[in-house]
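Asker: Let me begin by handing over the structure; questions about it come next.
Protein chains in written order, with this note's numbering: chain C, 33 to 139; chain Z, 528 to 677.
What follows is the structure in structure tokens.
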């Protein structure tokens, strides 16, 4: 199984604070443009969607295409109003998910 | 002679690890495709300039991974927020790079990632607000060694 995604975000924040969330997931992001030694095209296989939800509600999402670099790095902002759980999901072209969760305490 | 500089780059050991054939010029996205994507995004609506800041190196040494950061100026309230931001490239095999979907809960409409650039080209970013206004910004990037597998 692939290594766990890496999430960098504060564990605590003040109510109303806008935090930065940095995510990194290991993935080859095969664009479908490369050819192997025999000249056959290596099929496309990328993470095509990322969703960040907070306490069950989607906050930030993106559709990724073949020009996103391998091991996709995504950074975005969220304004936190309450404590809870961030859930992150990366969707592969083949329909499988990679997921991660992080808690935050907001006071 | 773009293909010659790619072969030189491959000989220098940089670029993709697999054996790679040079990408023919004809397979690159062209500005017309980007224009078509923009028209699809705006629905034909006229766009304004401003609000969007594209942060990308003027010269990218390695086209395999180029840091890109985009911010769109917006109060990000329930009544006035950036709903969608689409990034396009006019010199990659395909024009689409990513689409970012924000909610007011983001607090700020900004995102950063790392992208592949096949060669020097112009990036376009189009943003749509919650009330349907559209904005456009462009930025040129010079790429020393291309990184799209070509």
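A virtual CB, placed ideally from N, CA and C, is assigned to each residue, including glycine.
On a predicted model such as this, the values are computed, not experimentally measured, just so you know.
(1) When the Cα of residue 667 of chain Z is compared with those of Z:661, Z:610, Z:646 and Z:656, which residue comes out closest?
(2) In chain order, which beta strand (DSSP E) runs of at least 3 residues are fully inside the stretch 72 to 137 of chain C?
(3) So if I threshold CB-CB distances at 9 Å, which residues from the stretch 102 to 123 of chain C count as touching chain Z?
(4) Can you tell me whether residue 89 of chain C is buried or exposed? The criterion is at least 16 other CB atoms within 10 Å of its CB, across all chains shown.
(5) Residues in its own chain within less than 8 Å of residue 618 of chain Z by CB, not counting five upstream and five downstream?
(6) Does residue 594 of chain Z come out as helix, strand or coil in the three-state DSSP assignment?
(7) By a C-beta neighbour count over all protein chains shown, 10 Å radius and 16 as the cutoff for buried, is residue 623 of chain Z buried or exposed?
(8) Ignore the nearest five residues each way along the sequence and tell me which others in residue 566 of chain Z's own chain have a CB closer than 7 Å to its CB.
(9) Excluding sequence positions up to five away, which residues of its chain have a Cβ less than 8 Å from the Cβ of residue 587 of chain Z?
(10) Are the CB atoms of residue 120 of chain C and residue 132 of chain C within a distance shorter than 7 Å?
(11) Can you tell me whether residue 637 of chain Z is helix, strand or coil according to DSSP?
(12) Does any residue of chain Z have a CB that is nearer than 7 Å to the CB of residue 93 of chain C?
(13) State the start and end residues of the unbroken alpha helix (DSSP H) segment that holds residue 566 of chain Z.
(14) Would a check of beta-carbon distances place residue 97 of chain C closer than 7 Å to chain Z?
(15) Please report the straight-line C-alpha distance between residue 39 of chain C and residue 55 of chain C, rounded to a whole angstrom.
(16) Buried or exposed: residue 97 of chain C, going by 16 or more other Cβ atoms within 10 Å of its Cβ?
Answerer: Quick answer:
(1) Z:646
(2) 79 to 86, 89 to 96, 105 to 111 and 116 to 124
(3) 102, 103, 104, 105, 106, 107, 108, 109, 110, 111, 112 and 113
(4) exposed
(5) 555, 556, 644, 645, 646, 647, 648 and 649
(6) strand
(7) buried
(8) none
(9) 593, 644, 668, 669, 670 and 671
(10) yes
(11) strand
(12) yes
(13) 558 to 569
(14) Yes, because at least one Cβ of chain Z sits closer than 7 Å to the Cβ of residue 97 of chain C.
(15) 5 Å
(16) buried
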